[in-house]
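According to the working numbering, the sequence shown is numbered sequentially starting from 172.
Ideal Cβ placement from N, Cα and C applies to all residues, glycine included.
Down below is the structure, laid out as structure tokens.
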Amino acid sequence: MFLFKYLKTTLMTCKYCGSLWHTEKEHVRARNKGGRKTIKACRACNRSKGSKAVMGWLRWVKRNNPYRWRKIRDYNKGRKNSIAEKVHRVRDE
Ligand SMILES: [Zn+2]
Numbered sequence: 172m173f174l175f176k177y178l179k180t181t182l183m184t185c186k187y188c189g190s191l192w193h194t195e196k197e198h199v200r201a202r203n204k205g206g207r208k209t210i211k212a213c214r215a216c217n218r219s220k221g222s223k224a225v226m227g228w229l230r231w232v233k234r235n236n237p238y239r240w241r242k243i244r245d246y247n248k249g250r251k252n253s254i255a256e257k258v259h260r261v262r263d264e
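Next up, the structure:
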């Protein structure tokens with residue numbers, strides 16, 4: 172049970188909003204812009220982000236999709252990683 176929970180929360184959650192549904196590989200930098208690093212992202216975040224850069228996408232979500240922005244902001248509250256830091260920066264703008 173513990174291992175299952177561990178896998179679920181660390182390997183399968185969307186690194187943007189924490190969703191467990193439909194997580195798939197997301198290129199942090201778009202593949203067509205030379206991005207190789209991938210993280211897990213849910214389909215909704217992945218489709219919404221497209222080939223936008225993370226910061227630009229977060230600003231876009233904050234303005235245009237309050238529901239997703241709330242999920243992302245709350246999921247990253249108190250977290251420390253490169254995605255969370257960007258979320259905090261956009262939150263405080
Ligand atoms: Zn997501």
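- Here DSSP, grouped into helix, strand and coil, assigns GLU197 to strand.
- Assigned with DSSP and collapsed to three states, CYS216 falls in helix.
- With fewer than 16 other beta carbons inside 10 angstroms of its own, TYR238 counts as exposed.
- With respect to the 8 Å criterion, LYS196 and THR209 are classified as neighbours on the basis of their beta carbons.
- Sequence-distant Cβ neighbours of VAL258 in its own chain, meaning closer than 7 Å and more than five residues away, are LEU229, ILE243, ARG244, ASN247.
- Distances from the CB of ALA212 to the heavy atoms of ligand 1 include at least one below 7 Å.
- In the three-state reduction of the DSSP assignment, LYS251 falls in the coil class.
- At least one heavy atom of ligand 1 lies closer than 7 Å to the C-beta of TYR187.
- By the neighbour-count definition (other C-beta atoms within 10 Å, threshold 16), LYS186 is a buried residue.
- GLY206 and HIS198 do touch by the CB rule: their CB atoms are close to 4 Å apart, below 8 Å.
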